[in-house]
Structure formats: structure tokens, C-alpha cells
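Numbering (the working numbering), first residue to last: 320 to 1174.
Don't be surprised by glycine CBs; every beta carbon is placed ideally from N, CA and C.
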Amino acid sequence: MAQAKKITAKSNSENKKSLIPEKYQNWLYCGAIILLIFIFFGGAIGGGGFNVSDNVASVSFRPFVAESNETGDFPLWMPYIFSGMPGYSALLVTGERIWDVGPMLAFETTELMGAIFNNDTVRVLSYYMIFGIGMFFLMRFKNHERFISFITALAAVFSTSVIAWVMIGHNTKPFVFSMFPFIFILLEKLRIKFSFIYAALLVFAVHVMMEAGHLQMIFYGICAFGIYLVFELIYRGIKKDKPINVIRSAVILAVAGGLAFLMSADRYFSTLEYTPYSTRGSAPIVQSESNKQDQSGGNDYDYATMWSFNPAEMLTFFVPEYYGFGKMDYSGPATGNKDVKIYSYWGTKPIEDAPPYMGIIIFIFAIIGIIIFRRDPFVLSLATVSVFALLLSFGHHMSLLYDIFYNLVPGFNKFRAPSMVLALMQFSFPILAGYGLTGLVKMSREGNPDIQKWLKILFIVVGAFLGLAIIFNLGMKGAYLDAVAATSTGQRLPAEIHNFIWKTMINGWYITAILAVAAVGALWLFVKKKINSTIFFAAIALFVIIDLWRVGSNPMEISDNKIEQEIFKRTDVIDFLKNDNSIYRVADFASASPNMPAYYFLENVNGYHSAKLRVYQDLMDVANIIEEGSTSNIRNPLLWDILNVKYIITDQNLSYNGQFMMQQGPDGKPALSRRYQVAHASQQTGSYVFQNNSVLPRAFFVKSVEKAEPMQILRHLKNNDFDPLEKAFIEKDLPVSIDVPMEGVNAKIVEKKPKYMKIEAEASGNNLLLISEIYYPAGWKALIDGKETEIHKTNFAFRSVIVPAGKHTVELKFESEKFESGKTYSIMANAITILCLAVGIFLNYRNRNQSRKED
């Protein structure tokens, strides 16, 4: 058929009179999108939500953030994990940023949604609602019918790996994604006509996307916008249709990106300040097979490409269960016939939460959309975005494109999981499917004979797909099970579930094929005028919902109780620890999440975060006795002493837990059992709280110092071959000689806050005061009697100051100059953007008044 130059904005079906006024119909569909999201997640909203590890790790910090907001003390330093680390600059926590208007409104709106329903899942689902509404209006802006726009929005929201984000705790991804359709709309509007309103709104949209903080997903979004602008520029240049306007949109997008960055300058300046000291910005002191990074903190190639998408797994575009699944409901011999969720994925990735399934109906119509509208620059750009995403996702399997990015794009080697880029296909294909539906409906209404050709092709395709399912079922079971058993991932699965994987896959294939046949059958009925467009669209929407919901619901594991009630329920262990009002840390090995002690304001030497301080990671990599390279645990008794660990919490009795033992005493009993005693045995959890009898105070004087290389110091810590009261190791010469402390010296902490510590100290000479706080030179300052003094890096990861003879007040303060200067830039950038928006509103109002007067 001849290429349609423009899709008709209002079809015959939309011109018919409706019970609902025209101006409300768009919002009716948006309401339906929201309603369907609530229905799909009804169990989670009415129940306990998703108490997955990432959510637990995040909720752990809520009391700390709430306290910070209440006191106005911005959470720049987090003292409750890893013995203390930057909070805000590590993207760990965020306080109230009233100076940054856009994200504040966005975050407050979603927080309000969560508060209304008293369920944090609703807060995250708000991002999906925004995304769905954005997709609907993007399609309306492109002049598609409402029902087609509605189907597109549903398909985008419920694409399997997209809808699974909320179930696995990847809550920043949907926030980034929610801005994509709005940015495309605003770029188009600015290409058509410049407007201060649209320019300001584009800044806000880009800014909100960036504030979500998922840098990898933001990067992929930038790639998609760039591909779109390139295709628009080429198309408009060939057509001589004002290509300069595309350049204008690109320039405005670049300016919007710059302003958006400055609006978050407090965050990004802080992060840039922190990066050189973090595991994301520096190399480990020791390279290992499991931990290889370059000097910039970039991942080695094998680690970066671990989650590459195998081209063979494109089969999951058609049969989502072909390579098993993430979590699925199972009841059988492997679990004693108990109903449980099991992992059944057997592909080449280490593990998979959900396949990148977009829906068989959506896939078919998307290919048709690409073919029919192959000259439309928007369609071509999205098709290219999809191909780009697919090739990049292959990672080390087909590495040409990935290697270009890995080797040439600055910072790209810090990203993991190449398969994550497939989210761009999940965004593009529903839109392309909408174009396919529009093209087929238009051909049918116009009586175009090509519609008969399409029907024949479609019946052949879906018939062949169903036929393949039958053939595969009859003759390929043995080969399939052999393939499952042959992969390393499959070998880790219990043999009892291999048949379950087969049955799930073949049944899923049949269901998918039948839905595809049904969709083509509905199209045939519509073309033959057996049903009208409303029934046809409703049938397609129903088939799409059935297709995506049955697959997307597989990883849904709803908790019985809300996370605060189930995971953070106060126990007798917490009660015991909170009764001790002294200053101390804990080494928690018993909680469900390493970050849980933070919920009760307990300072933990362990924790969970992907961008730790490099010095602390090096401690775990080298100085641990048992678990070298642990990402979350300190298991060295000497470090427990120096780190002021007064209590060790474990599920096992230390006296008989071999992993804590260094050696046996002369009586044959574990030597460490003499250093620890049971302080509390929990009647609720079964865990033990051991008191460390050799714990050192948070601040203490040391008799002597010795200069050594960093690796030597770590070895001393590992070997436990020095007394930290007698000797401290430094890496560079001190400005004065250290005197041996005489009798009567003391150091007492009289005030302690997350960003402040006050010590009353009495020294007998130039004495070295070791302070068991983690060394971080980009913010912490020390003052003696109000005068700044140098903080010395001591024992590899700790701080010390030289206190002269006499009584003195020693203060430690955390102040980030980058944060403060960034906040100033943020205020200025917000003011400029708001001013642009105000100018746009004024000009729009004035133009409307002039038009009315002329009329």
C-alpha cells in the first residue's frame, strides 16, 4: 500500500457521539490504566507488598532520614553501616531538598500515594501510572485512536521485565522510565514550535529522570533520544522540512540536560567528590578473580558482561518460559509437594528474574508497524533503538557493539548487566505495535486490498507458530531436557524440577500460540465487518492483558505482612542492645538484611551497598580472617576490637562456630571463646548476643607509631600481630614526634551525632589519639580547641589526631564544600527554569487574549 503521510487524528469511531463528553475521554482511559495496575497488584496493595532484599536495605534507613528531616541535619554521613560512610554522595539516602522544586513535587506526590494507601508498593506503582499515562498521551500526540493508545500503554506498563521491577525492588528504574514518553512528546513539540513552556517542562522531565539516580538506565534513555533526533534530522533534511528545527530540539535537550544537572548539582557535585574514594572510582588494593577493576573503578570485562543476553534467548520473545523463569509457583517432589516459589531459569546468565517478554501479540503488530510505517522517522528511530538495544545486550556473546561502548565511552565500564538495555525494546515495541494496529485498521476502513494479504500472512505465521508447538511437544522433549541439564545454570537446578520446566514451557507455548491465533481471528472478524472497531479493540486489549498478566504474575511473591511488621519487628535482641546507652558498634550476622541494625540506630560494621568506601572494601578484601573479599562482613576479631565492636550477633554460639575461630588454646578449647561471653540469648529469634571483652573505646591514645606501606598494614591487621594500644601504623611521616602517653591521659566522647563528635581529651605530651571512625578526607575536619588540625590516616582505614599536652576539646565535623556549592547552583538553576516556565505561561496567556480580541 502507499505510505500514509499522516495518521487520521479522529477516526469514525471517535467522531460518533458518546455518553462521555469528548474532553473527559482521554482521562477515562488514563483512569482505566490506573485501575488495571491496582487490580493486577491488588494482593500486594492489600497485603504486605514485596519484602525483597533491595526494599529491606532501603527501608532500613527510613528512621534515620526521618530524624534528619525533622532536625534539619541533612544526611551527608551515614554512621550505621560499614562503620560509617557518606550517605547522600553515595546515593544511599536523600534528605529534604526543598530548593529543588521538580523532583520534590514528583517524590512528594508518590510518597503521598503511598501514605494514602499505607503501602509503599503504591508509591512505586505511581511511577508505573505516570509511565502508562505518558505512553497514552504520546500515542495521542501521534494521532492514534484512544483505544489503540490505551492498548499501547497497557503493553508498555505490563511488559514482563518492566512490571517485574517493583517485585524485585528495582524501584528507581520505573521512575527513570516514567519520563521517557514525556521527553519524546516535548522534543516533538519543540521541533514543531519553540515554546518557553515546553522548554521548561523538558528541563523538569529530564531533571526528574536524572534524580531517580539509576545512571545506567538514564544513559540508555539518552541513547534512545539521540537516535530519535538523528533520524528526525536525516528525514527532515531529505524532505527539506525545516531540519533546523530538529537541531533546535537537540540543542534545547542538551541545555535541558545541563540545567537538569545543575538543578541536582548538590547531589552530583557530592557524588563526584565521593567517587575517587569509593569502589566505583578506584581500583582495589589487590586484584582477585572475583574483584577486578581498573584505576577508575571500572569493572573488568568478564564481570561487566556477566549478565549478557544470549542471542539464543530471543526465543523468550515468543515463548517466555523457554529458558525457565525467575521465580515460579511450584509444588512437587523437589519441595515435598509444598507450594513454594522456585527459580527455574536455565539459560546462560547467572540468574534471571524475568524474561524480556513483550507479548506475542505486541511483537507481531510491532513488526507490522515497522513495515507499514517504514518511512516514518519516529517509527524508524524506535526500530533502530530496538536493534541497538538488542545488539548491545548481547555483551560478550556478540561483542562488536558492546566492545565499542566498553572501550570508548567514558564510564560505560562501570555498568553491569548488558541485558538491562533490553528495557528500550520494552519501551519501543508497544509503540510500534500501536502503529501496526493503526495501519491495519486504516487499511480495513479504506478497503485497501493489502489487508487481505496481511491476513493471509498473519494466519500463516500464527498457524506455523502453533504447529511448531505441537511438533516440539511430540518429538523434542528429550533434546530439551538434555539442553537443560547441559548448562551450568541448569545443573544447579534440582533434577526433580526439570520435567516441571518442560511442562511449564510447552504449556506456555500453547497458550501464547492460541492467544496469537485469537488476536488474528479478531482482526479477520473486524476486516469482514463481523464486529465493529470497539469490540475488536476490546478483544485485542483483553488478549494482551491475558498474555502479559499470566507471565508477569509469575515472579510476584507477596508478603503476608508489611515490611516494618515482618522484617523490622522489634525483638528482645534489639531491646537488649538499646538498653546499653554507651557508644559502641555491633557486628550483626543474624539479621535478614545487613542494613537492618540501622533501622534501630545501631552502628554496624557490616552492611550492604554497591558503592562502599574503597578503604573499607580493602579491609574486607585483605584483612578478613575467614571471608576474604566479603562484600558485607567484617570477620576479623582484631578489627572488631579496633572498630569498637562491643556486641557480636550471630545465629550460632561463638564457642562452637568454627568460622570465628583463629586457633585452639592449650586446653583444646577455642581461644576466642575466652574473649567473648554470651550477654543475651534470644527467646524470640534463637540468636546469640556475645559481648566482646577486649573491645577498645571509640577514641584512645596509642603509645607509638610505625610507618608502613598500605599492604603491610593490612597484613598486620589480618595476622593480628600487634597491640593497637601499643602501636599504630601510619602511611606518611607525622609533622611532630609522638610522645608515649603517661599515666592519667584520657579521652572521653561527650557529644556524638552523625556529622559531629566532641571529645574531651587530656594528653601528657604530643600524644596520638586514635579515633575509631573511618578515614574520609573529603568532608571530615578535626579541630583542637577550635583550631583546625590534620587528620592522619591510621591503621589503613582509621583517623587519628595529635593532641598536645594538657586538657583540650577535640571536635570532628563533617562539612562538604561540594554539597554547599552544589546547592547554590541548584537554587540558581531552579530559579532559571521556573522563570522560563513563568515567561512561557505569560506569553501563552497574552497570545490567547490577542486571538480572542481578533476573533
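What do you get for residue i, buried or exposed, if any count of 16 or more other CB atoms within 10 angstroms of its CB means buried?
{"i": "lysine 1106", "result": "exposed"}
{"i": "isoleucine 1121", "result": "buried"}
{"i": "asparagine 1168", "result": "exposed"}
{"i": "arginine 465", "result": "buried"}
{"i": "tryptophan 346", "result": "exposed"}
{"i": "methionine 1061", "result": "exposed"}
{"i": "lysine 1112", "result": "buried"}
{"i": "proline 503", "result": "Contrary to the premise, residue 503 reads as phenylalanine rather than proline in this sequence. Classification for phenylalanine 503: buried."}
{"i": "methionine 1030", "result": "exposed"}
{"i": "leucine 921", "result": "buried"}
{"i": "threonine 429", "result": "buried"}
{"i": "glycine 617", "result": "buried"}
{"i": "phenylalanine 1161", "result": "exposed"}
{"i": "lysine 733", "result": "buried"}
{"i": "proline 639", "result": "buried"}
{"i": "threonine 390", "result": "exposed"}
Can you tell me whether residue i is helix, strand or coil according to DSSP?
{"i": "glycine 1159", "result": "helix"}
{"i": "asparagine 564", "result": "helix"}
{"i": "isoleucine 968", "result": "strand"}
{"i": "aspartate 658", "result": "coil"}
{"i": "leucine 1131", "result": "strand"}
{"i": "proline 630", "result": "helix"}
{"i": "tryptophan 396", "result": "strand"}
{"i": "asparagine 923", "result": "strand"}
{"i": "proline 913", "result": "coil"}
{"i": "methionine 1076", "result": "strand"}
{"i": "leucine 1102", "result": "strand"}
{"i": "aspartate 937", "result": "helix"}
{"i": "aspartate 648", "result": "strand"}
{"i": "asparagine 1166", "result": "helix"}
{"i": "isoleucine 886", "result": "coil"}
{"i": "tyrosine 446", "result": "helix"}
{"i": "leucine 1087", "result": "strand"}
{"i": "isoleucine 470", "result": "helix"}
{"i": "glycine 296", "result": "In the structure as shown, the chain begins at 320 and stops at 1174. Residue 296 is therefore absent and cannot be evaluated."}
{"i": "alanine 860", "result": "helix"}
If distances are taken between C-alpha atoms only, which option among the options comes closest to residue i?
{"i": "phenylalanine 784", "options": "Phe636, Lys561, Lys558 and Leu812", "result": "Phe636"}
{"i": "glycine 643", "options": "Pro669, Tyr620 and Tyr622", "result": "Pro669"}
{"i": "asparagine 952", "options": "Asp907, Ile553 and Ser763", "result": "Asp907"}
{"i": "asparagine 1086", "options": "Phe1019, Gly1098 and Met1147", "result": "Phe1019"}
{"i": "alanine 1116", "options": "Met762, Leu1036 and Gly666", "result": "Leu1036"}
{"i": "serine 912", "options": "Gln884, Ser372, Met717 and Asn923", "result": "Ser372"}
{"i": "serine 1135", "options": "Lys1074, Val485, Val659 and Tyr446", "result": "Lys1074"}
{"i": "aspartate 439", "options": "Leu509, Asp970 and Gly488", "result": "Gly488"}
{"i": "methionine 728", "options": "Ala474, Phe513, Tyr587 and Phe538", "result": "According to the sequence displayed, residue 728 carries valine and not methionine. Here the closest residue by C-alpha is Phe538."}
{"i": "lysine 461", "options": "Glu1050, Lys1137, Thr757 and Ile1032", "result": "Thr757"}
{"i": "asparagine 851", "options": "Gly350, Ser763, Glu883 and Asp891", "result": "Ser763"}
Contact defined as beta carbons within less than 8 Å: I believe residue i pairs with residue j. What is the distance between those atoms, to the nearest angstrom?
{"i": "glycine 414", "j": "valine 384", "result": "6 Å"}
{"i": "phenylalanine 692", "j": "tyrosine 754", "result": "5 Å"}
{"i": "tryptophan 828", "j": "alanine 788", "result": "4 Å"}
{"i": "arginine 442", "j": "methionine 432", "result": "6 Å"}
{"i": "glycine 532", "j": "threonine 491", "result": "6 Å"}
{"i": "leucine 1089", "j": "serine 1119", "result": "5 Å"}
{"i": "alanine 425", "j": "methionine 454", "result": "Actually they do not touch by this definition, with Cβ atoms about 17 Å apart."}
{"i": "arginine 735", "j": "isoleucine 902", "result": "No, arginine 735 and isoleucine 902 are not in contact; Cβ-Cβ is about 38 Å, not under 8 Å."}
{"i": "asparagine 1149", "j": "tryptophan 418", "result": "7 Å"}
Using beta-carbon positions only, say whether residue i and residue j come within less than 8 Å of one another.
{"i": "valine 941", "j": "isoleucine 1093", "result": "no"}
{"i": "threonine 1083", "j": "aspartate 1058", "result": "One detail in the question is off: residue 1083 reads as serine in this sequence, not threonine. For serine 1083 and aspartate 1058, yes; Cβs fall inside 8 Å."}
{"i": "tryptophan 905", "j": "valine 964", "result": "Rather than tryptophan, the amino acid found at residue 905 in this sequence is valine. Yes."}
{"i": "glycine 367", "j": "serine 878", "result": "yes"}
{"i": "glycine 1141", "j": "alanine 519", "result": "no"}
{"i": "serine 583", "j": "serine 408", "result": "no"}
{"i": "methionine 795", "j": "methionine 744", "result": "no"}
{"i": "phenylalanine 544", "j": "threonine 703", "result": "no"}
{"i": "threonine 808", "j": "tryptophan 626", "result": "no"}
{"i": "isoleucine 680", "j": "alanine 835", "result": "yes"}
{"i": "valine 1129", "j": "alanine 1080", "result": "yes"}
{"i": "methionine 1076", "j": "leucine 1131", "result": "yes"}
Any beta carbon of chain D sitting closer than 8 Å to that of residue i?
{"i": "alanine 1047", "result": "The displayed structure is made up of one protein chain only, and chain D is not part of it."}
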